[in-house]
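Asks: Quick note on the numbering used here: the sequence shown kicks off at 315 and runs consecutively. No residue lacks a Cβ here, since even glycine has one placed at the ideal position from N, Cα and C. In this text the structure is predicted, and so the values were computed from the model without any measurement. First the structure, which I've put down as structure tokens, then a few questions once you've had a look.
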Amino acid sequence: MSGIATDHDFAPLGFGFMRLPECEHDGVKTFDHAAVCAMVDEFMEAGFSYFDTAYGYHDGKSECELKAALVDRYPRDSYTVATKLPAWMAHDAADARAMFDRSLEKTGLGYFDFYLLHNLGGPLTQVFDDYGLWEFVAEKRAQGLIRHVGFSIHDKAAALEKVLAEHPDAPIDFVQLQINYADWESSIIESRKCYEVARSHDLPVIVMEPVKGGSLVNLPPAAADVLRQADPDASLASWALRFCASLPGVAAVLSGMSSIEQVRDNVRTFSQARPLDATERAVLDRVRAVLAGIDTVPCTDCRYCMKGCPEGVHIPTIMDSLNIMAVYGDMHRAKENYVWNATGGEASRCVRCGACEDVCPQKIDIMDRLDAAASLFEEGKGE
């Protein structure tokens, strides 16, 4: 669709500029520029060329580092770049539109190969309509400043379907979705269902979070053992990446790489380009069964709890972060999920009115769980 190739058995690797290596000088944290350049070089020399950044990554500095490590060092026709417009960060429509020009300046690209409306879902979706951004990106594409328009979304399949239904004439060339084998049947993430919605609309899919923010390389021993017994030579990351790259209709699989070792491992996986076979899919089914057997908060994301919450606490998202800690012991990923998806509805906003627990079909001790989440994930709470 619109020239985005998906007619391959194994999707290509994309380099996400969201978890770049950093170093500290005189108490100031900066990019380890030499390390980033080495990673870009290794990636490019292996024959890969898709880079993904965003206006807000690394506190707004990712696009600048992409310019320094890639754009200033390689011919413009040797790579493709995606960046994103987070309208929910803007003060008003003019500020949101100005983000486009600022991204062009910071990247030095001249035009964007892929441009996304960033992080639709829940209450964040409406602002893109209020600011007229669907029409705005259509104008920029007509001017030749955008080659392909898409959007990323962190929400359920019904929300994705609603966005597509409400914008039948919008210039939507692709969609970016959170897909990984652990979330494939998740009632909160709905990876499979979202993927199927995109396929039903004949939209190419860019995969984000294929390794679940790193959680799938930090598996519980029982789950990791299943993969190591099946293939002792395969890295845990390679299983997660191959699952996504093997899906029909996937145009690229993004990995937010932080080290040259991660680049080399991922490049090895994608250079071999081996789609999962039936036996390997069964192995991942066993891993999912192990993960499902770990004691977690039994939240089904029905959202009954949220309907009567006077403070708008994002209870299912918070329970999901607690479950990431329970299953993977991954504080970085759990807190990242919390900060990214619970902002504005943090656990500390709970006033312990009990309305949530009164309607919870699973009889979860929600108020106590929210107290625990506030201590774990919010600055200034707990230790």
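#1: Which full runs of the alpha helix (DSSP H) of 4+ residues lie inside the stretch 399-465, going along the chain?
#2: Within 8 Å, do at least three Cβ pairs link the stretch 573-589 to the stretch 549-564?
#3: At which residues does the alpha helix (DSSP H) containing Met358 begin and terminate?
#4: In whole angstroms, what is the alpha-carbon distance linking Ser466 and Leu399?
#5: What distance in whole Å lies between the Cβ atoms of Leu459 and Ala410, which are believed to be in contact at a cut-off of 8 Å?
#6: Considering Gln676, what are the terminal residues of the beta strand (DSSP E) in which it resides?
#7: Taking its Cβ as the centre, do 16 or more other Cβ atoms sit within 10 Å of Val567, making it buried, or is it exposed?
#8: Consult DSSP for Glu336 and reduce its assignment to one of helix, strand or coil.
#9: Have a look at Ser572, Met633, Trp498 and flag the residue whose alpha-carbon is nearest the alpha-carbon of Asp609.
#10: Per DSSP, Lys343 is paired with what?
#11: Can you tell me which of the three DSSP states Met315 falls into?
#12: Does the contact criterion of 3 or more C-beta pairs under 8 Å hold for the stretch 384-399 versus the stretch 425-435?
#13: Got a sec? Which residues, its chain only, sit under 6 Å from Thr367 by beta carbon, not counting five neighbours each side?
#14: Just verifying my parser: in three-state terms, what is the DSSP assignment at Ala688?
#15: Please classify Met556: is it buried, with 16 or more other beta-carbons within 10 angstroms of its beta-carbon, or exposed?
#16: Just to confirm my understanding: we take Ala404, look at its own chain, exclude 5 residues before and 5 after, and list those with CB closer than 6 Å. What are they?
#17: Which ranges would you report for the beta strand (DSSP E) in the stretch 546-631 if only whole runs of at least 3 residues count?
#18: Using only alpha-carbon positions, find the residue among Ala669, Ala512, Pro518 that is nearest to Pro624.
#19: By DSSP, does Val665 sit in helix, in strand, or in coil?
#20: Going along the chain, which residues of its own chain have a beta-carbon closer than 8 Å to the beta-carbon of Ser573, five neighbours each way excluded?
#21: List, from N- to C-terminal side, the beta strand (DSSP E) runs of 3 residues or more that fit wholly inside the stretch 487-527.
#22: Using CA atoms only, rank isn't needed, just tell me which of Glu671, Tyr369, Asp373 is closest to Thr344.
#23: Establish whether the CB of Cys337 and some CB of chain D are separated by less than 8 Å.
#24: Measure the C-alpha to C-alpha separation of Leu491 and Val577 and round it to an integer number of angstroms.
Replies: Looking at the coordinates:
#1: 407-421, 440-444, 447-456
#2: yes
#3: In the sequence shown, residue 358 corresponds to position 44, counting from 1. From DSSP, the alpha helix (DSSP H) with Met358 extends over 347-359.
#4: Against the sequence shown, residue 466 aligns to sequence position 152. Against the sequence shown, residue 399 aligns to sequence position 85. The straight-line gap from Cα to Cα measures roughly 10 Å.
#5: Sequence index remark: in the sequence shown, residue 410 carries index 96 (1-based). Sequence index remark: in the sequence shown, residue 459 carries index 145 (1-based). No, Ala410 and Leu459 are not in contact; Cβ-Cβ is about 16 Å, not under 8 Å.
#6: To locate residue 676, count along the sequence shown from 1; it is residue 362. Looking at the DSSP string, Gln676 is not in any beta strand (DSSP E), and its letter there is neither H nor E.
#7: Here residue 567 is taken as the residue at index 253 of the sequence shown, counted from 1. Classification of Val567: buried, given that the 10 Å Cβ count is 16 or more.
#8: Along the sequence shown, read from residue 1 onward, the residue named residue 336 stands at position 22. Glu336: strand per DSSP, three-state reduction.
#9: Walking along the sequence shown from the start, residue 609 turns up at place 295. Of the listed residues, the one whose Cα sits closest to Asp609 is Met633.
#10: Here residue 343 corresponds to residue number 29 of the sequence shown, with the count starting at 1. Answer by DSSP bridge pairing, in chain order: Glu338.
#11: In the sequence shown, counting from the first residue as 1, residue 315 sits at position 1. Confidence at Met315 is low in this model, with a pLDDT of 40, below 50, so its placement is unreliable and the value that follows should be read with caution. Correct three-state label for Met315: coil.
#12: yes
#13: The residue given as residue 367 occupies position 53 in the sequence shown. Closer than 6 Å at the Cβ level, and outside the excluded window around Thr367, lie Phe331, Ser376, Glu377, Leu380, Thr397.
#14: Translated into positions along the sequence shown, residue 688 becomes position 374. Helix at Ala688.
#15: Translated into positions along the sequence shown, residue 556 becomes position 242. Contrary to the premise, residue 556 reads as Arg rather than Met in this sequence. Buried, by the Cβ-count rule.
#16: Translated into positions along the sequence shown, residue 404 becomes position 90. Here the set comprises Ala410.
#17: 564-569
#18: Here residue 624 is taken as the residue at index 310 of the sequence shown, counted from 1. Nearest option by C-alpha distance: Ala669.
#19: Numbered from 1 along the sequence shown, position 351 holds the residue referred to as residue 665. Three-state result, Val665: coil.
#20: Your numbering for residue 573 matches position 259 in the sequence shown. The answer, listed in chain order, is Pro335, Ala349, Met353.
#21: 488-492, 519-522
#22: Here residue 344 is taken as the residue at index 30 of the sequence shown, counted from 1. Measuring from the Cα of Thr344, the nearest candidate turns out to be Asp373.
#23: The structure shown contains no chain D; it holds only a single protein chain.
#24: Numbered from its first residue, the sequence shown carries residue 491 at position 177. Numbered from its first residue, the sequence shown carries residue 577 at position 263. Spanning the two alpha carbons is a distance of roughly 22 Å.
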